[in-house]
Amino acid sequence: MRHLTRTALLALALVVTACSPATDEASVPSITVSGQPDSQRSLAPGEVLGARQEAGIDACPASDAKATQREGGLPAVTLDCLGGDSTVNLAGLPTGKPRVINIWAQWCQPCAEEAPSFAQVARETRGQVDFLGINYGDPFVGKAIDFAVEHQTLYPQLVDPEQTVRAPLKVPGPPQTYFVDAQGTLVHHSTTVYKTPDALRADVEKYLGVTAS
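The opening position of the sequence shown corresponds to residue 31 in the numbering used here, with each subsequent residue numbered one higher.
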């Protein structure tokens, strides 16, 4: 009888384990494309640009495709804009205004924790600081769009599904944040999770000399 009880408990445990979710991805709301919801948001390449535009995510900045890495600057790595309508060479991003670059993924819980801070500070410093996101190692671009909609991180977004920037930007994993001054010099690489807008405001002022308002 004792043996049967242990066997039954083991069987029940296996059933419960099989029914548990395999991952702990952030739950994001689904927007539709052409009226069709997609639970995995595994959009066809031709649908991504329409989804980005529908979501209100900004187009990516122009860059000098032939630029090489300047001393202390960003690497010469070219990434697609979310939607595939342009490419951006990080080394060729325009200067004249400081920039915050945030590496994130929709499956990354710390990224979800800090995303509202980035959305708020980006709004507060609009016109003074350019924000740029890099969606990193993400198999579901549509869910990444949903993430941006949920958290209102609607500034330009690049995509790096192959983790191309991992070595040149020393990315152990998302989130990572880079502060680039108006001359194009990378002045600080932060591994901090910015759980409050005040924490991000403080670093924007410290490293870029801009006070959010």
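Just so you know, even glycine gets a beta-carbon here, dropped at the ideal spot from N, CA and C. These numbers were taken from a predicted model, which means no experiment stands behind them.
Integer-rounded CB distance, given that residue j should sit under 8 Å from residue i
i           : j           : result
residue 236 : residue 219 : Contact flag wrong, Cβ pair sits at about 14 Å.
residue 178 : residue 85  : 6 Å
Given residue i as reference, the closest of the options once Cα atoms are compared
i           : options               : result
residue 208 : 164, 136, 75 and 186  : 164
residue 166 : 90, 109, 130 and 215  : 109
residue 147 : 233, 224, 243 and 127 : 224
residue 73  : 231, 238 and 172      : 172
residue 131 : 153, 160 and 169      : 160
residue 168 : 197, 158, 135 and 198 : 135
residue 78  : 187, 91, 104 and 129  : 187
residue 226 : 195, 162, 239 and 145 : 145
residue 83  : 115, 195 and 158      : 115
residue 90  : 76, 111, 195 and 230  : 111
residue 93  : 194, 206, 230 and 162 : 162
residue 248 : 170, 206, 99 and 202  : Within the shown structure, residues of the chain are numbered from 31 to 243, placing residue 248 beyond reach of any answer.
Where residue i falls, given that 16 or more other Cβ within 10 Å makes a residue buried
i           : result
residue 174 : buried
residue 113 : buried
residue 228 : exposed
residue 176 : buried
residue 156 : exposed
residue 190 : buried
residue 197 : exposed
residue 213 : exposed
residue 139 : exposed
Distance, residue j Cα to residue i Cα
i           : j           : result
residue 192 : residue 120 : 16 Å
residue 97  : residue 122 : 5 Å
residue 222 : residue 204 : 10 Å
residue 80  : residue 184 : 15 Å
residue 242 : residue 233 : 10 Å
residue 182 : residue 149 : 6 Å
residue 103 : residue 118 : 15 Å
residue 211 : residue 129 : 6 Å
residue 105 : residue 180 : 30 Å
residue 142 : residue 107 : 26 Å
residue 238 : residue 216 : 10 Å
residue 125 : residue 88  : 19 Å
residue 261 : residue 240 : As shown, the chain starts at 31 and ends at 243. That puts residue 261 outside it, with no answer to give.
residue 158 : residue 137 : 30 Å
residue 206 : residue 230 : 12 Å
residue 99  : residue 194 : 15 Å
residue 154 : residue 95  : 30 Å
residue 202 : residue 101 : 23 Å
Heavy atom of the ligand FMN within 7 Å of residue i beta-carbon
i           : result
residue 203 : In terms of ligand content, the structure shown is empty, and the ligand FMN therefore cannot be addressed.
Query raised in the report: Residue ranges of each beta strand (DSSP E) run of no fewer than 3 residues wholly in the stretch 85 to 133, ordered along the chain?
Result: 108 to 111 and 117 to 119
Requested in this report: Please list the segments of the beta strand (DSSP E) lying wholly inside the stretch 150 to 207, counting only runs of 3 or more residues, in order along the chain.
Outcome: Qualifying beta strand (DSSP E) stretches, in chain order: 160 to 166 and 187 to 190.
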